[in-house]
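Student:
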Ligand SMILES: [Zn+2]
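In our numbering, the protein residues as written are 1498 to 1885.
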């Protein structure tokens, strides 16, 4: 059964072959969805017939958001920590351990229900692809269970046993790295696509991060790195050197870091929710874009440092605070996220792509930044199925 979505006032295809600019913008457009994929894209007046018809009433249609960075297998709540931070306390990596204790104590059913809740929350805001990391278990069993639970909701699962050193290994970080690269990796690799490490003061240094990522690669996982979030460090250079799909955060970059990203296949994934929620300086997207680096935007949704599932919020903040144009921010939240996950089937609207679509209750994608905080979702399709 095919569906014609017509009278689209403004269509973001992310396919320069189909329209103007990197967004491949088309006006007065139509799309045909058939069998879960896009079958046709063009001007509404040229659209062929279909079995069913949806009138977009002049509103904007764009690819579903691709959120390439989240931490959603967790239990517990860190409202008090957020409140304290907004009252003047500094953010450190150590708060992760609070969530680790709550997550270990939770049942599989509780973790699954919590994850389903946030994936649904994201979907209602237009996110049709979401990556999800482990990292709040930090034992062999708890990390493997987190990834098993995540894999039931998304194929984009990331092994992050190296989120912080487990509390049991506080006096033996080398022992913890041995666990993460050994028995824990063996248990987790079957359930994960990616391997990640928090390369940061208070978490893992460059040598430890290299050992962890290299071990993951040997088990068939592809690296992505929490890099240069809280301070300058080796994370970005390591990500580029190892061919990581993404270096995430990129808040503190030297000129050498920027140049390395520009000359690489590693996407710079910016997570403005983290800076917002820790009252920290934002990364400079302009500096990366101007030298040709590929930029993605993502929520980093997690209970400690960025408890938002809203890609629209990230777009608005990126435009207001990080030097991005609305077009660049929307591109980064869709096509950029797809690049960061090395996906070619999502993040754009073109024949053969998965029919992941977000219809805005607005005439243009620019409204995502122009109308911050306003719920603009009119409809969402995932793989051709109307979800919202
Ligand atoms: Zn993260």
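Just so it is clear, CB atoms sit at the ideal spot from N, CA and C, and this is done for glycine as well.
What residue from 1839, 1773, 1782 and 1674 has the CA that sits closest to residue 1803's CA?
Tutor: For residue 1803, the nearest C-alpha among the options comes from 1773.
Student: Start and end of the beta strand (DSSP E) containing residue 1746?
Tutor: Its beta strand (DSSP E) spans residues 1743-1746.
Student: Is residue 1727 near ligand 1, judged by its Cβ being under 8 Å from some heavy atom?
Tutor: Outside the cutoff, so no.
Student: Going by C-alpha distance, which of 1881, 1833 and 1763 is nearest residue 1793?
Tutor: Residue 1793 has its Cα closest to that of 1833, out of 1881, 1833 and 1763.
Student: If you draw a straight line from the C-alpha of residue 1860 to the C-alpha of residue 1816, how long is it?
Tutor: Cα-Cα distance, rounded: 18 Å.
Student: Determine the burial state of residue 1729: buried for a count of at least 16 other Cβ atoms within 10 Å of its Cβ, exposed for fewer.
Tutor: Residue 1729 is exposed by the Cβ-count criterion.
Student: I'd like to confirm something about residue 1698: is its beta-carbon nearer than 8 Å to some heavy atom of ligand 1, or not?
Tutor: Answer for residue 1698: no, Cβ out of range of ligand 1.
Student: From 1735, 1691 and 1680, pick the residue whose C-alpha is nearest to that of residue 1701; which is it?
Tutor: When only C-alpha atoms are compared, the closest one is 1735.
Student: How far does the alpha helix (DSSP H) with residue 1754 in it extend, from its first residue to its last?
Tutor: 1752-1759 is the extent of the alpha helix (DSSP H) around residue 1754.
Student: Check whether the region 1649-1662 touches the region 1691-1711, counting contact only when three or more Cβ pairs, one atom from each stretch, lie closer than 8 Å.
Tutor: Result yes; three or more Cβ-Cβ pairs closer than 8 Å.
Student: Nearest to residue 1486 by alpha carbon, out of 1604, 1578, 1623 and 1605?
Tutor: Residue 1486 cannot be examined here, being either before or after the span of the chain that is shown, 1498 to 1885.
Student: With residue 1579 as the anchor, note down where its alpha helix (DSSP H) starts and where it stops.
Tutor: Where residue 1579 is concerned, the enclosing alpha helix (DSSP H) stretches over 1576-1582.
Student: Residue 1530 and residue 1500: beta carbons closer than 9 Å?
Tutor: Contact flag set, yes.
Student: In angstroms, rounded to a whole number, what distance separates the CA positions of residue 1876 and residue 1883?
Tutor: Whole-angstrom Cα-Cα distance: 7 Å.
Student: Enumerate in chain order the residues of its own chain whose CB-to-CB distance from residue 1550 is below 6 Å, with the five nearest sequence positions on each side excluded.
Tutor: Cβ within range, chain order: 1501.
Student: So does the region 1842-1849 actually touch the region 1508-1527, counting three or more Cβ pairs closer than 8 Å?
Tutor: Because the criterion of three Cβ pairs below 8 Å is met, the region 1842-1849 and the region 1508-1527 touch.
Student: Starting from residue 1851, trace the beta strand (DSSP E) both ways and give me its first and last residue.
Tutor: Here residue 1851 belongs to no beta strand (DSSP E), and DSSP marks it neither H nor E.
Student: Indicate whether residue 1837 and residue 1775 have their beta-carbon atoms separated by less than 9 Å.
Tutor: Their beta carbons are not under 9 Å apart, which means residue 1837 does not touch residue 1775 by this criterion.
Student: Measuring CA to CA, which of 1575, 1515 and 1555 is closest to residue 1856?
Tutor: Looking at the Cα atoms, 1555 is the closest of the given residues.
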